[in-house]
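Residue numbers (the numbering used here): 94 to 385.
Note that beta-carbon positions come from the ideal geometry of N, C-alpha and C, so glycine has one too.
The next block holds one structure in the form of structure tokens; read it before the comments.
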């Protein structure tokens, strides 16, 4: 059993912190910007809560974070009451935020100077994966630090892998989001085409789902997309944030992402339709709207 802190109790962080307590048996203290949610978590799981990230991190062996973006991450780590000010020497900070590789490397350097470890560890699997404790975790950092952190991370995941040095976890997550953008757009067009052609969409999916067109998106989202229901996971606003990171990194590295850039603009159109909080499968709504 380790002493653990978890910072950020959103739709992902709340159950992830829960698994650290229930499955890992760790002593867990949580922090959330809205104190009421931290109090609720503590009452539900029997852990503690802190009023600042610094207070949460004090004396901990491991500190996890899952917040919104680079600026949020800096605020809860190196800000005035940030967790880094409360880290003891030898502690390991594991960041599950989807952020830039640049901020990961920046915080790795600060942590190393303090005699602490830092792992960038963005996750994939969505809200359902967090709630069921089966997330995929892509890590960047030092081998020895990763080896110590891996058993704790495994409390809420089905796969935990070290992708390379600091920043590699975030870069791998970008690859994940790039794939999803193209897959969802392709699936949206296929369903829209089948509808317009007068085909039975269920029969179409049954015919193609066992072949080369098969994907997680098809298996889990085709039916709700066909029904026009978009309340099943990762929001458009969040996807645009992630794709923005991908496109900025591509510009910096010289990578070409023409499809990703196009789909990012399609998501901007979904936002303009009022779909900011719809899930990413809502790309099909744009096609239907354009054809109406």
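Open item on the list: Alpha carbons only, please: which of 123, 350, 108, 365 is nearest the one belonging to residue 151?
Closed with: Between residue 151 and the set 123, 350, 108, 365, the nearest pair of CA atoms involves 123.
- [ ] Identify, in the order they occur along the chain, each residue of the same chain with its Cβ nearer than 7 Å to the Cβ of residue 340, setting aside the five sequence neighbours on each side.
- [x] 350, 353, 354, 357.
Task: Ordered list of alpha helix (DSSP H) runs contained in the region 300 to 333, each at least 4 residues - done: Those alpha helix (DSSP H) runs which fall completely within the region 300 to 333 and span 4+ residues are 309 to 320.
Open item on the list: By DSSP's criteria, residue 124 is part of a beta bridge. Which residues make up the other side?
Closed with: Residue 124 pairs with 100.
Task: Boundaries (first-last residue) of the beta strand (DSSP E) holding residue 155 - done: Here the beta strand (DSSP E) through residue 155 covers 155 to 158.
Task: One or two residues paired with residue 228 in a DSSP bridge - done: Partner(s): 250.
Open item on the list: Closer than 8 Å is the cut-off here; do at least three beta carbon pairs connect the region 281 to 300 with the region 222 to 242?
Closed with: Contact annotation: the region 281 to 300 does not touch the region 222 to 242, with fewer than three C-beta pairs closer than 8 Å.
TODO: Classify residue 139 as helix, strand or coil using the three-state DSSP reduction.
DONE: Reduced to three states, the DSSP call for residue 139 is coil.
TODO: Could you pull the start and end residues of the beta strand (DSSP E) that residue 213 belongs to?
DONE: Start and end: 210 to 213.
Task: Assumed close pair residue 111, residue 138 - CB separation to whole angstroms, cut-off 8 Å - done: Indeed they touch by this definition, with Cβ atoms about 5 Å apart.
Open item on the list: Starting from residue 372, trace the beta strand (DSSP E) in both directions and tell me its first and last residue.
Closed with: Premise fails: residue 372 is in no beta strand (DSSP E) and is neither H nor E.
Open item on the list: Please tell me whether residue 218 and residue 159 are closer than 8 Å, where the distance is taken between their beta carbons.
Closed with: No, they are not a contact pair.
TODO: Excluding the 5 residues preceding and the 5 following residue 323 in the sequence, name in chain order all residues of the same chain whose CB lies nearer than 8 Å to its CB.
DONE: Cβ neighbours of residue 323 beyond the five flanking positions: 317, 368, 371, 372, 374, 375, 378.
Task: Supposed close pair residue 98, residue 149 - CB separation, criterion 8 Å - done: Contact between residue 98 and residue 149 holds, since their C-beta atoms are separated by about 4 Å, short of 8 Å.
Open item on the list: According to DSSP, is residue 112 part of a helix, a strand, or is it coil?
Closed with: Residue 112: helix per DSSP, three-state reduction.
Task: Beta-carbon spacing of residue 177, residue 207 below 8 Å - done: It is a contact, given that the beta carbons lie within the stated cut-off.
TODO: Work out the CA separation of residue 133 and residue 402 for me, nearest whole Å.
DONE: No answer is possible for residue 402: the residues shown for the chain start at 94 and end at 385.
- [ ] Can you grab the Cα-Cα spacing for the pair residue 273 / residue 197, in whole Å?
- [x] Rounded to whole angstroms, residue 273 to residue 197 spans 23 Å at the Cα level.
- [ ] Put residue 193 into one of helix, strand or coil per three-state DSSP.
- [x] Here residue 193 sits in coil by DSSP.
- [ ] Inspect the beta-carbon positions of residue 233 and residue 261 and report whether they are closer than 8 Å.
- [x] Contact flag set, yes.
Task: Nearest-angstrom Cα separation, counted from residue 238 out to residue 230 - done: So the two alpha carbons sit approximately 15 Å from each other.
- [ ] Look up residue 188 in the DSSP assignment and give the residues it is bridged to.
- [x] 158, 213, per the DSSP bridge assignment.
Open item on the list: I'd like the list of long-range same chain contacts for residue 220, defined as Cβ closer than 7 Å, with 5 residues on each side in sequence excluded.
Closed with: The answer, listed in chain order, is 104, 105, 326.
TODO: Report yes or no: do the region 279 to 286 and the region 249 to 265 share at least 3 C-beta pairs separated by less than 8 Å?
DONE: Under the 8 Å Cβ criterion, the region 279 to 286 does not count as touching the region 249 to 265, having fewer than three qualifying pairs.
Task: Candidates 119, 117, 142, 120: closest to residue 129 by CA position - done: Cα-wise, what sits closest to residue 129 is 142.
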